[in-house]
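Taking it in order: structure first as structure tokens, then the write-up.
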Amino acid sequence: MAAPSLPLPPVDVARSAAQALAAGDLDRYGELLHDDAVFEVLPFGERRGRTAVRGFFDDLREALPDFSFTAEAVTGDEQHAAVEWRIRGTFDGKPFQGFTPNGRRFDIRGIDFLEIHSGRIRHDRTAFDGAEWARQLGLLPRHDSVAERAMVTAFNTKTRIAKHWQERTHGRHDSHT
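Just so you know, we're using my numbering here: the sequence shown kicks off at 865 and counts up by one.
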């Protein structure tokens, strides 16, 4: 009779999950998730449960048919792991997060903070530069472009006008009291 196997340490769970994502093996990835896993992608919201988390990655891979995931670093302790990653791909598949594919290339770096219990991912919090994602998608203008400078100028003008209006309104309000 073989001795019962101990759960994998969090760093090994994180590496296995990253390897599964890199290989496109979402069945293996799903096996590493708790049934009640919570997956928070800070710019996109939260998914709860193994099926919903897996569905997020199904949707992402369908949106970026040439999806590439690379784990650049993994570290952790007895209950947690962190994975620094890079995702590359072309948004020319299916819609994602309500956006229609536009053929734009993505190259996004981020980090996942994982809480591991009994060898499975219980909570995964993903962080990346949402503004950079929006720039690469085309929602925001490129950094240091004419369009970005115009957007900043428009924002600052609106802010100054609103501040002036508040000061005038506030000043009138005080004179009536």
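Backbone N, C-alpha and C define an ideal beta-carbon position, used for all residues, glycine too.
Worksheet item: Apart from the five residues just before and just after T939, which ones in its own chain have a Cβ nearer than 6 Å to its Cβ?
Response: A946
Worksheet item: How big is the Cα-Cα spacing for H1040 and R989?
Response: Note on H1040: pLDDT 47, under 50, position unreliable in the model; the coordinate value appears next. Cα-Cα distance, rounded: 51 Å.
Worksheet item: In terms of alpha-carbon separation, which member of V917, F908, P959 and E910 lies closest to R929?
Response: Looking at the sequence shown, residue 929 is not Arg but Pro. Here the closest residue by C-alpha is P959.
Worksheet item: Counting Cβ pairs closer than 8 Å, one from the segment 873–884 and one from the segment 975–989, do we hit at least three?
Response: yes
Item to complete: Note down the Cα distance separating S982 from A1014, rounded to an integer number of angstroms.
Response: 52 Å
Practice prompt. Tell whether a beta-carbon distance below 8 Å holds between G994 and N966.
Written response: no
Discussion item. Quick check: the Cα distance between I972 and A935, rounded to an integer number of angstroms?
Written reply: 12 Å
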